[in-house]
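The structure appears below as structure tokens.
Numbering (the working numbering), first residue to last: 1428 to 1804.
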């Protein structure tokens, strides 16, 4: 992708996919799925409201039962999950939108009270904090170390989930190797204490992410696959230890597989690591900024700075969460809705989810039907 503009409202491309703008709705877990992980009608409304985004990356969906993190998160490993997601993608496409699905395995970020299963991880190192379950917050349990057969099975589950995602109408998938979940747990020295080929050296610790990405690309085509990373993140008790050497090596390995994009979380356009990774990654880079104040000025400024620094697309989370008509608001320079109390992010129901208002006189779909470019076949 050639970076020729800082106009985030100009049309863009992602491989063979034409986008109406450079803004990506970042994956946001909202806990509105059914107990078994099937997307609900309320989720269909939520995503259709936000179809004006250049691309929507739908919230994390687990590729198997043991990968579930919290109650009422989505999944993509049964026929019911596939059918539920198809309702979502059909509604978004009817409103002019395009969607990828994030594939996430929680690893040790899970609990038997939620899944009925012992969590798995690269090593038996428990989450150093409590975890939310259907019974409230519970102490984390010691995860079971994945065997070599368990690793192979998990890689196969990711590939199968990717095929289901295409059956469900998604344009592609994003492999989640960030935010302290299973793939990130393999990357980080604090959670990966293995002495086999999947641990120890940087080359060993990046192997699992590379194998998952390779398998998913083989299943659905590399041009339909993205990978998300979060260098230096300490979310979910992660301790990397060697961020500055880990991520250039990971990015170089991923580049050999030629996925559609790399998604960099909390990207700092002034930081040296951002520029090292941008240089190493010659493909499409989606960058997610750190936003302190949810204002039109900060969002537009952050988007322009990232594009000027070399990002190709800009991923926004909370702005899309609170503003179903975000693209229209930014185009008009209009104020943004504030995010409501954090309580409403994960409690279920329409409050703080589908009831954020659009601009007076502007339907939340105001930018959707104006773009009807070709999509990946």
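Yeah, the Cβ is synthetic: ideal placement off N, Cα and C, and Gly gets one too.
A straight-line Cα-Cα distance of about 43 Å links residue 1479 and residue 1576. Separation of residue 1690 and residue 1650 (C-alpha to C-alpha, rounded to the nearest whole angstrom) is 14 Å. Your pair residue 1549 and residue 1619 checks out as a contact, with CB atoms roughly 4 Å apart and the cut at 8 Å. DSSP, reduced to helix, strand and coil, places residue 1490 outside both helices and strands of the structure shown, so it counts as coil. Shown here, residue 1691 sits in a strand according to DSSP, grouped into three states. As the crow flies, the alpha-carbon of residue 1614 is around 42 Å from that of residue 1759. For residue 1511, there is no enclosing beta strand (DSSP E); the residue is part of the alpha helix (DSSP H) that begins and ends at 1506 to 1521.
Counted as a single uninterrupted DSSP element, the alpha helix (DSSP H) harbouring residue 1541 occupies residues 1539 to 1542.
By the Cβ test, the stretch 1709 to 1728 is in contact with the stretch 1739 to 1753, since at least three Cβ pairs between them sit closer than 8 Å.
Rounded to whole angstroms, residue 1755 and residue 1708 show a C-alpha spacing of 31 Å. In this structure, residue 1498 and residue 1561 form a Cβ contact; the two beta carbons are roughly 5 Å apart against a cut-off of 8 Å.
DSSP places residue 1565 in the strand class (E or B) of the three-state scheme.
The residues 1433, in chain order, have a CB closer than 6 Å to that of residue 1731 in the same chain once the five nearest residues on each side in sequence are set aside.
Counting C-beta pairs with one atom in each stretch, the stretch 1507 to 1524 and the stretch 1623 to 1634 have fewer than three that are closer than 8 Å, which means they do not touch. DSSP, reduced to helix, strand and coil, places residue 1529 within a strand of the structure shown. Contact between residue 1512 and residue 1595 is confirmed by a C-beta separation of about 4 Å, below the 8 Å threshold.
DSSP links residue 1766 through a beta bridge to no other residue.
One thing to note: residue 1640 has its Cβ no nearer than 9 Å to the Cβ of residue 1678. Cα atoms of residue 1446 and residue 1529: separation of roughly 18 Å, rounded to the nearest angstrom. Counting along the chain, the unbroken alpha helix (DSSP H) around residue 1580 starts and ends at 1575 to 1594. Listed in chain order, the non-local C-beta contacts of residue 1661 below 6 Å within the same chain number zero, local neighbours out to five positions each way being set aside. Residue state for residue 1663 is assigned as helix, using DSSP reduced to three classes. Going by C-alpha positions, residue 1450 is about 35 Å away from residue 1555. For residue 1716, the uninterrupted beta strand (DSSP E) segment begins and ends at 1711 to 1716.
Straight across, the Cα-Cα distance linking residue 1734 with residue 1770 is about 33 Å.
At the C-beta level, residue 1532 and residue 1610 come within 9 Å of one another. Spanning the alpha carbons of residue 1591 and residue 1647 requires a straight line of approximately 10 Å. In the three-state reduction of the DSSP assignment, residue 1774 falls in the coil class. Annotated three-state conformation of residue 1615 is coil, per DSSP.
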